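**Student:** Residue 504 in numbering that gives the first Met the number 0 sits at position 505 of the sequence shown, with consecutive numbering throughout.
Backbone N, C-alpha and C define an ideal beta-carbon position, used for all residues, glycine too.
Note that the structure is a prediction, hence the values are computed from the model and not measured.
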Amino acid sequence: MTNLQKTVFTFGSKKAQGDASMKDLLGGKGANLCEMNLIGMPVPPGFTITTEMCKLYNSEGKVAVLEKIKEEVHTAMLQIEDQMGSKFGDNLNPCLVSVRSGSRASMPGMMDTILNLGLNDKVVEGLIEKTGNPRFVWDSYRRFIQMYSEVVMGMKPKSKEDEDPFEEIIDQLKHEKGVKLDSEFTAEHFKEMVSLFKNAVKQFTSTDFPTDPWEQLWGAVIAVFDSWTNERAVYYRRLNHIPDDWGTAVNIQAMVFGNMGESSATGVAFTRDSSTGENLFNGEYLINAQGEDVVAGIRTPQQITLEGSRRWASVAAITEEVRAEKFPSLEETMPSIFQELIDIQKKLELHYKDMQDIEFTIQEGKLWMLQTRNAKRTGAAMVRIAIDMHKEGLLDEEAAVLRVDPNKLDELLHPVFDPKSLNQAALVAQGLPASPGAATGQIVFFADDAELGAEENRAVILVRIETSPEDLKGMVAAQGILTARGGMTSHAAVVARGMGKCCVSGAERLQIDYKNRTVSIGDLVLKEGDWISLNGSTGKIYKGKIETTAAVLSDDFDTLMEMADKYATMKVRTNADTPKDAEVARRFGAQGIGLCRTEHMFFEEDKIMAMREMILAEDEAGRRKALAKLLPMQRKDLEGIFEAMNGLPVTIRLLDPPLHEFVPHELENQKEMAEEMRISVKSVQDKIASMHEFNPMLGHRGCRLGNTYPEISEMQTRAILEAAINLKKAGIEALPEIMIPLTGTLAEMQMQKQIVTETAEKVFLEKGDSIAYSVGTMIEVPRAALVADRIAESAEFFSFGTNDLTQMTFGYSRDDAGKFLPFYLENGILKNDPFQVLDQNGVGQLIKIAAEKGLATRPDLKIGICGEHGGEPSSIEFCHLVGMNYVSCSPFRVPIARLAAAQAAIKEKKNSNKEVNSIKKTEEDLVLL
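Structure follows, in structure tokens:
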């Protein structure tokens, strides 16, 4: 039976039918459970139902998939029973299992998990007899009923203001029994809770809680498959560009119990600090608990290491004496287990050559490993870990460069609180520094309100008792996240770090009232809409707004950029219209300007009047008079940009938008314009009306404007070249590249180039000096791509304007696509928004054709891209493979593009080496034959 024919893969007793390379089939969790077995880790036995079965379920339904997997599942369960010495469904010697999801890409908390499966009233009796620990058994039973009812039977709060029906019962019992923590409940309390839970299930679902273990198992398997398509999982995949057709595996594993008493525990750990990247083993644990207690944030856990415990106590302002007595680390409470865990985490990191996120359970003094995966981390941590692992010899330079997700660099450029404003701010509470960053916003208590705030362009902070996976959309929309409960490994903390979102968790002084929408901190009461500020690096919470300032980049960041530049073969420029933008981009390593939009200069207050005067002029003489006013202004602006880019190329696009965008449409401005030009208001209005176009995007703009009004192109060319010559005299080297927009035919290009060259000759003659310059075009019309060989007869460079090229290729208006694009993305009509991620199969093919044709005519043709796609990593990789000389993007995307360009070059080299090795292997095989 081949791997694709098998539906189930087993693992246990240091043997496994799979390994880490099989993530596509077994999901990340299943593949790593197999791998941990193979390298000798203590892992409870189990088996994985493949991702192919999820695909089968999604296409053919429940009956088809159960029929396909039943026989193999029964056989695999026998292996678990044999290794555990117990039997699934047996009343006297029961074997309980967990059922967990597992996609090939990590999706923390997005899909479903069920623990303690296999319990019913009779099994409970047998397990009490077997263990002699009724409290543990009844605790496990109530947990199972709650989880199963929520996940499989859909028993959840009816509205966002309502509490979870099970949590209401727990709170009611706490009140009645005088209990504060779950750990204070007795066996009798849990037994009563089970009865109340069952009654609630019957009332809510009109059915009894299932008692047959096999019925429970099939229900759980189908629920995990269903969770692949739940709203939060679909949203998370869209957010992280994970394909919908991958599916999830289902992992069924023998239960080990962290809730069997004081010698049992459960925990989550990281081999390095996932916030900062510090090489420090860290994590959290709870004695007498199960794994969900740690990640759900229901109880604030304790630190695993003594160092971590002391750091936590310092942040929480707790004395060493109190910490040691009430909040000891695992290192102190179970030193031998701690040492075993230390050895395991070292072995895992060395094996995977990456920081690991591990889950473990201690059952009556024995350590069991439940999961390992490459850990989510912040952008700062990602950079530091890559550089540190290179220094430690774990990664070579190429691997270190590939290890960092280019998009995560964006987090490092986020602003931080201004130190002066911070010193004057009112500190109101302290939590745990769960995810670094600075966030200021208005308080909201519910995820959908955070989404609404984002839609209204309001900065909001999502404040919750604890977050759950259902809050994901709100977490994305919010500037920051604040929770009253939960530790550094809670859902809020892990997800926030993965998104690079500022988060403070475990701020236990917060008393949150969802119904009245208030949060109380001692005598201070804050209402929804009040402003607060969070420092995710220190865990401090402030009242009101705090000013921010630019972030300072680390030495590790500089080292990474130096490494990247070694491997990149494609340069990175920036899109900049002002000297300030140019200076910012140059600090980030931009190697020139790929797009300077001259029209943006004309919108400034001191220039708009002259621009409007030119547009409203009756004849060429009037236009030239107005353009003479604009010339010194444009020249001065360009001098500033050339100076900022001293010695680097600057591509300046001649006027592109239609003229009606510059004219006054409000009556007051029309009156002002009429007075300035000494004409009637009606004359101004008539001229504006005459400029109306039904489809301006395809109308009188770009080179069409420059060819019909050549005096505009003349003025702009003069401004560019005079600015360059003026700076030459001051010892500053300007390298202008004059770009003609919206070319569709060779004749258009030739006409514009003639205007530029004739003007250049006049300027050089007048100045008695000259400078080198080039004239090229922006390829943004599909026809231009198809006749690029002809256009290259005149154009010395191509720059792909992929914003307009995408609009014209798809026939979508970017301004109106919001009406249907969300539907297209949700329903799989498009995989990505083509205005954000380059459409390689359509627009990309036009780019490829244009590049090949252009180079065939002009082998030294310089080729670049200046649309929004120039800062998107997958689009950058495509540009590299097409053979572009550069990409150009906004200033704050420059570091992202530099890293993406290096990764593209490294990947191409690796793929080329693979092909060469494959050819060599084939040749060797043929020789042997």
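Contact check, Val403 vs Ala380 under 8 Å by CB: the rounded distance?
**Tutor:** Not a contact, Cβ separation roughly 10 Å.
**Student:** Hey, Val662 and Ile739: beta-carbon distance below 8 Å or not?
**Tutor:** The answer is no: Cβ separation not under 8 Å.
**Student:** In whole angstroms, what is the alpha-carbon distance linking Lys606 and Met632?
**Tutor:** About 7 Å.
**Student:** Check Glu839 in the structure and name its three-state DSSP category.
**Tutor:** Residue identity differs from the one stated: residue 839 is Gln in this sequence, not Glu. Here Gln839 sits in coil by DSSP.
**Student:** Give the straight-line distance between the Cα atoms of Arg892 and Leu32, rounded to the nearest whole angstrom.
**Tutor:** Distance between the alpha carbons of Arg892 and Leu32 is about 38 Å.
**Student:** On a Cα-Cα basis, can you pick out the residue from Gln252, Glu757, Leu91 that is closest to Leu216?
**Tutor:** Answer by Cα proximity: Gln252.
**Student:** Report yes if the C-beta distance between Gln289 and Ser328 is below 8 Å; otherwise report no.
**Tutor:** Not a contact, by the Cβ cut-off of 8 Å.
**Student:** Return the first residue and the last residue of the beta strand (DSSP E) that Thr539 is part of.
**Tutor:** According to the sequence provided, residue 539 is Lys. The question's Thr does not apply to it. Its beta strand (DSSP E) spans residues 539-542.
**Student:** Rounded to whole angstroms, what is the Cα-Cα separation between Lys542 and Thr488?
**Tutor:** In a straight line, the C-alpha of Lys542 is about 26 Å away from that of Thr488.
**Student:** Does the separation of the CB atoms of Glu71 and Val7 fall below 8 Å?
**Tutor:** Yes, they are a contact pair.
**Student:** Straight-line CA distance for Phe135 to Glu291?
**Tutor:** Looking at the two C-alpha atoms, the distance is approximately 16 Å.
**Student:** Under 8 Å between the Cβ atoms of Thr439 and Ile545?
**Tutor:** In contact: Thr439 and Ile545 (Cβ atoms closer than 8 Å).
**Student:** Quick check on Leu845: buried or exposed, where buried means 16 or more other Cβ atoms within 10 Å of its Cβ?
**Tutor:** Buried, since its Cβ has 16 or more Cβ neighbours within 10 Å.
**Student:** Taking DSSP as the reference, what is the three-state secondary structure of Ser874?
**Tutor:** Of the three classes helix, strand and coil, the one that applies to Ser874 here is helix, per DSSP.
**Student:** CA-CA distance, Glu124 and Met192?
**Tutor:** Answer to the nearest angstrom: the Cα atoms are 16 Å apart.
**Student:** Suppose you measure from the CA of Leu820 to the CA of Thr808; what does that come to, to the nearest Å?
**Tutor:** Cα to Cα, Leu820 sits roughly 15 Å from Thr808.
**Student:** How far does the alpha helix (DSSP H) with Tyr56 in it extend, from its first residue to its last?
**Tutor:** Its alpha helix (DSSP H) spans residues 50-59.
**Student:** According to DSSP, simplified to helix, strand and coil, what is Asn422?
**Tutor:** Note: Asn422 maps to helix in three-state DSSP.
**Student:** Name the residue from Phe280, Arg383, Thr318, Met333 whose alpha carbon lies nearest to the alpha carbon of Ile343.
**Tutor:** With distances taken between Cα atoms, Ile343 lies closest to Phe280.
**Student:** Note down the Cα distance separating Met259 from Ser139, rounded to an integer number of angstroms.
**Tutor:** Rounded to whole angstroms, Met259 to Ser139 spans 9 Å at the Cα level.
**Student:** Give me the Cα-Cα distance between Pro212 and Gly88, rounded to the nearest whole angstrom.
**Tutor:** Pro212 and Gly88: Cα-Cα distance of roughly 6 Å.
**Student:** Taking the C-alpha atoms as reference points, what is the distance between Asn92 and Met106?
**Tutor:** One C-alpha to the other measures close to 35 Å.
**Student:** For Ile935 versus Ala900, is the C-beta distance shorter than 8 Å?
**Tutor:** Nothing can be reported for residue 935: it is not among the residues displayed for the chain, which extend from 0 to 928.
**Student:** Just the Cα atoms here: how many angstroms apart are Glu316 and Phe337?
**Tutor:** The amino acid occupying residue 316 in the given sequence is Ala; Glu does not appear at that position. Rounded to whole angstroms, Ala316 to Phe337 spans 25 Å at the Cα level.
**Student:** Let me make sure I understand the geometry here. Which of Glu149, Asn884, Glu469 has the alpha-carbon closest to that of Val233?
**Tutor:** Looking at the Cα atoms, Glu469 is the closest of the given residues.
**Student:** By the three-class DSSP mapping on this structure, what secondary structure does Leu525 have?
**Tutor:** Here Leu525 sits in strand by DSSP.
**Student:** Could you tell me whether the Cβ atoms of Pro890 and Thr573 are closer together than 8 Å?
**Tutor:** Cβ atoms of Pro890 and Thr573: closer than 8 Å.
**Student:** Could you pull out every residue in the same chain whose Cβ sits closer than 7 Å to the Cβ of Glu897, ignoring the five residues on either side in sequence?
**Tutor:** For clarity, residue 897 is Arg in the given sequence; the question names Glu instead. The answer, listed in chain order, is Met560, Ala563, Asp564, Ala567, Val571, Gly588.
**Student:** Across the stretch 595-605 and the stretch 639-652, are there enough close Cβ pairs to call them in contact, namely three or more that are closer than 8 Å?
**Tutor:** Touching, yes, given that three or more Cβ pairs across the two stretches are closer than 8 Å.
**Student:** Look at the alpha carbon of Gly843 and the alpha carbon of Asp163, and state the distance between them as a whole number of angstroms.
**Tutor:** In a straight line, the C-alpha of Gly843 is about 50 Å away from that of Asp163.
**Student:** How should Arg231 be labelled, buried or exposed, when 16 other C-beta atoms within 10 angstroms of its C-beta is the threshold for buried?
**Tutor:** Counting Cβ neighbours within 10 Å, Arg231 comes out buried, since at least 16 surround it.
**Student:** Which residues in the same chain have their Cβ closer than 7 Å to the Cβ of Phe196, if we skip the five residues on either side of it in sequence?
**Tutor:** Here the set comprises Arg141, Ile144, Gln145, Phe165, Ile168.
**Student:** Residue range of the beta strand (DSSP E) that Asn281 falls in?
**Tutor:** Here the beta strand (DSSP E) through Asn281 covers 281-286.
**Student:** Please list the terminal residues of the continuous alpha helix (DSSP H) segment that includes Val314.
**Tutor:** Start and end: 305-314.
**Student:** With distances taken between CB atoms, is the gap from Leu481 to Leu408 smaller than 8 Å?
**Tutor:** Cβ distance not < 8 Å, so Leu481 and Leu408 don't count as in contact.
**Student:** Mind checking who Ala428 pairs with in its DSSP beta bridge?
**Tutor:** Ile540, per the DSSP bridge assignment.
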